[in-house]
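At the far end of the sequence shown sits residue 265, using the working numbering, and the numbering has no gaps.
Accompanying notes for the structure given below.
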Amino acid sequence: MNTKTAERLAVLIDADNISAKHATEIFEEIARLGEASQRRIYGDFSGGAPQGWEANSLAEYAVVPHQQFSNTSGKNSSDIALVIDAMDILHTDRFSGFVLVSSDSDFTRLARRIREQGLDVYGIGERKAPKAFVAACNRFIYIENIEKPESGPPKSQEARTVKLKQELNHAYQLIRNIVLNTNEADGWVSLSFVGSQLGKMYPDFDSRTYGYNRLSDLVRAIDRFEENNLNGGFKIRCKEG
25 MNTKTAERLA VLIDADNISA KHATEIFEEI ARLGEASQRR IYGDFSGGAP
75 QGWEANSLAE YAVVPHQQFS NTSGKNSSDI ALVIDAMDIL HTDRFSGFVL
125 VSSDSDFTRL ARRIREQGLD VYGIGERKAP KAFVAACNRF IYIENIEKPE
175 SGPPKSQEAR TVKLKQELNH AYQLIRNIVL NTNEADGWVS LSFVGSQLGK
225 MYPDFDSRTY GYNRLSDLVR AIDRFEENNL NGGFKIRCKE G
């Protein structure tokens, strides 16, 4: 079995579920996770380009299309083909992880099975992805967090402020749970440990959900934790009162 330090990833894309307009952001994000050594996409290309996955896009990102005809109405042969190929790839022992690009609940059991084999599973999909699929992955990345913003009418300052407070309060509750459950005598916990635990407990946790690229920036924006940055180690603890 390959060690996880290799970080060679098998990327499997559900063409019927994910739009090609997100291709750049998706592969940029995958590059942060490891090397996309194998890239396959599944869909019915006989009637054109599903979700915009045209020949030029496939060539640009070196993605190999796997044609699946929709022979029966209501049956998704692409999902079945993706699962079969994933199991074949899994048993080659050539990869340290998989990236499943979809928001489809049909891949929940596949993600669990791959993890049972000791490999990492990264999911990339939209917020509509079922919680069961999100939880089955080691980490789930929402496309809404990585897509480039589109132009549109700006929200009012009041609406933005209310939404920001709600989001920061939600982030505070998650981080606070980690800090309080460490049982450190002085209450100080390293931020790196907090980040690690957040990823384990909440696979879809992402500072970008709250508008910040780094966890440290998010913590400072919440403004409900004390900070200690002595000896090069960033630690936090809950403020009293």
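The beta-carbon is built from N, C-alpha and C at its ideal position, and this holds for glycine as well.
In this text, all values refer to a predicted model and were calculated from it rather than measured experimentally.
Nearest CA to the CA of residue i: which residue from the options?
i: N162; options: A44, K189, G147 and L239; result: G147
i: S216; options: A135, L192, K259 and S231; result: K259
i: N237; options: F249, Y226, K224 and G219; result: G219
i: G67; options: S61, S101 and H46; result: S101
i: P227; options: Q141, N193 and A159; result: A159
If you measure between the beta carbons of residue i and residue j, is that distance less than 8 angstroms?
i: A280; j: T132; result: Given that the chain is displayed from residue 25 to residue 265, the structure contains no residue 280 and the question cannot be resolved.
i: E150; j: E168; result: yes
i: F164; j: L143; result: no
i: L114; j: I138; result: yes
i: S129; j: P154; result: yes
Just to confirm the assignment, what range does the beta strand (DSSP E) spanning residue i have?
i: L36; result: R32 to D38
i: R56; result: Premise fails: R56 lies in the alpha helix (DSSP H), A47 to L57, not in any beta strand (DSSP E).
i: K263; result: It is not in any beta strand (DSSP E) - K263 carries neither H nor E in the DSSP assignment.
i: F164; result: R163 to Y166
i: F249; result: F249 to N252
So residue i and residue j are in contact, right, with Cβ under 8 angstroms, and what is the actual spacing, rounded?
i: I42; j: Q91; result: That belief does not hold up - the Cβ atoms of I42 and Q91 are roughly 17 angstroms apart, past 8 angstroms.
i: G58; j: E84; result: About 20 angstroms separates the two Cβ atoms, so there is no contact after all.
i: A34; j: Q62; result: 4 angstroms
Tell me which residue opens and which closes the alpha helix (DSSP H) that residue i is part of.
i: I246; result: L239 to I246
i: F217; result: L215 to M225
i: F229; result: Where F229 is concerned, there is no enclosing alpha helix (DSSP H), given that its DSSP letter is neither H nor E.
i: A44; result: Premise fails: A44 is in no alpha helix (DSSP H) and is neither H nor E.
i: A73; result: It is not in any alpha helix (DSSP H) - A73 carries neither H nor E in the DSSP assignment.
Inside the stretch 80 to 152 only - alpha helix (DSSP H) runs reaching at least 4 residues | 101 to 114 and 132 to 140
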